[in-house]
Amino acid sequence: MLQIYLVLGRHGFRNSFSPLALRSSAALRGFSAAICSPPVSSVNYTAEQVKSRVHLPSVIIVPPATAVPSAMASATAVLDKRIGFLGSGQMAEALARGLVKRGLVTAERIACNDPNPVRKELFKSFGAMPYDSNVEVARNADVLFVAVKPQHVGQVLTEVRSVLTETHTVVSIAAGITVEKLVEAAGPDAHVVRVMPNTPCLVGETAAAMCLGGKATSEDEALVRTIFEAVGKIYTVDEKLLAAVTGLSGSGPAYVFMMVEALADGGVRAGLPRDIAQALAAQTVLGSAKMVLETGTHPGALKDMVTSPAGTTIAGVHELEKAGMRAAFMSAVVAATERANQLSKM
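Given below as structure tokens:
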């Protein structure tokens, strides 16, 4: 895949986009008009006019970069591993399906157990191997996911402790269970990785963070990173920051769902049919998030690109500022972080 870079001369603004984003001259006109300062009311320019308007000397097509050796090695390492799930809920299912879909592991190398037979049958339906005990899963896995409710983590790890070896990587996705508690249950020699994913894992777009514990190594870290990159993004942080991760990305989908719902309600109030309003709201959030991630531009700068003097957007922004939207989001993250800290001490 080629990457296209726009280099905007004296504006000092450099961004990368996928080829789809700039496939046509119409797309080029739309993007270029959007980044002009001040914002323009029309994007009906020829490519040459746009180039002149934003001082765009050239469009540089950069050959695709080759995969870094470490990433290739990690992917190969996953292919050599057997994956086990203690608990087969929706998050576990999303991870399992993501690994199979990406070709990182074959379904028959995935083992699982769950007290709910329906969940076990669901795993079996795409080729995974259900077992009747957690010990059997641990014996048939190299990477062992602890995907049960937090109150059951200690019991489950104690149950499989006798069969854990130095070749196992134990990955907990249970909220609030510290590395110390995981090591206490799994044993002092266990290679433990604690991960905080979020529900967009179900659609392959998780925002997750991890920290290492016990005897976990950089190889364990690379392995877990490769697994979670099959269903989104993952970052390594100190454990003391996982509560903040919980408050931001762990609880964040709920904040965003509320925002989408509110935007859709506004659209309905303004006369749009409910289905169209909701689709527009959700796509707007999706597209805006991709602009932040793919351009690397500060969200405030992207906001300024949309706001024309005395225009519609600044009128809406003014109402949000009067309502204290920024402070409300910040307070939500802080409150959820504080609650996560409280729960981890219980």
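Residue numbering for the sequence shown follows numbering that gives the first Met the number 0, starting at 0 and increasing by one per position.
All C-beta atoms in this analysis are idealised placements derived from N, C-alpha and C, irrespective of residue type, glycine included.
Open item on the list: Taking 7 Å as the threshold (C-beta atoms), are P149 and A184 in contact?
Closed with: no
- [ ] Measure the beta-carbon distance from A281 to G266 and round it to whole angstroms, keeping in mind my assumption that it falls under 8 Å.
- [x] Going by Cβ atoms, the distance from A281 to G266 rounds to 11 Å, so no, they are not a contact pair.
Task: Rounded straight-line distance, which links the Cα of N133 to that of L262 - done: If I take the Cα positions, the gap works out to 45 Å.
Task: First through last residue of the beta strand (DSSP E) which encompasses F144 - done: 142-145
Open item on the list: Could you tell me the alpha carbon to alpha carbon distance between A334 and V259, rounded to whole angstroms?
Closed with: 21 Å
- [ ] Could you pull out every residue in the same chain whose Cβ sits closer than 6 Å to the Cβ of T177, ignoring the five residues on either side in sequence?
- [x] Excluding residues within five positions, the ones whose Cβ falls inside 6 Å are S343.
- [ ] Report buried or exposed for F144, applying the criterion of at least 16 other Cβ atoms within 10 angstroms of its Cβ.
- [x] buried
Open item on the list: For a test of the three-state rule: what should DSSP assign to L271, helix, strand or coil?
Closed with: It is coil, neither helix nor strand.
Task: Whole alpha helix (DSSP H) elements within the stretch 280-343, 4-residue minimum - done: 298-305, 311-321, 324-343
Open item on the list: The alpha helix (DSSP H) that contains R193, what's its start and end?
Closed with: Note, R193: premise wrong, no alpha helix (DSSP H); beta strand (DSSP E) at 190-195.
Task: Unbroken alpha helix (DSSP H) run spanning L181, endpoints - done: Residues 178-185.
Task: Nearest residue (CA-CA) to G175, options V152, V117, V255, M324 - done: G175 has its Cα closest to that of V152, out of V152, V117, V255, M324.
Open item on the list: Within 8 Å, do at least three Cβ pairs link the stretch 153-163 to the stretch 185-202?
Closed with: yes
Task: Counted within 10 angstroms of its Cβ, other Cβ atoms place D79 as buried (16 or more) or exposed - done: With fewer than 16 other Cβ atoms within 10 Å, it is exposed.
- [ ] Mind reading off the beta-carbon distance from L201 to A91? Whole number of angstroms is fine, and I expect it under 8 Å.
- [x] About 11 Å separates the two Cβ atoms, so there is no contact after all.
Open item on the list: Determine whether the beta carbon atoms of A242 and N139 lie at a separation below 7 Å.
Closed with: No, the Cβ-Cβ distance between A242 and N139 is not below 7 Å.
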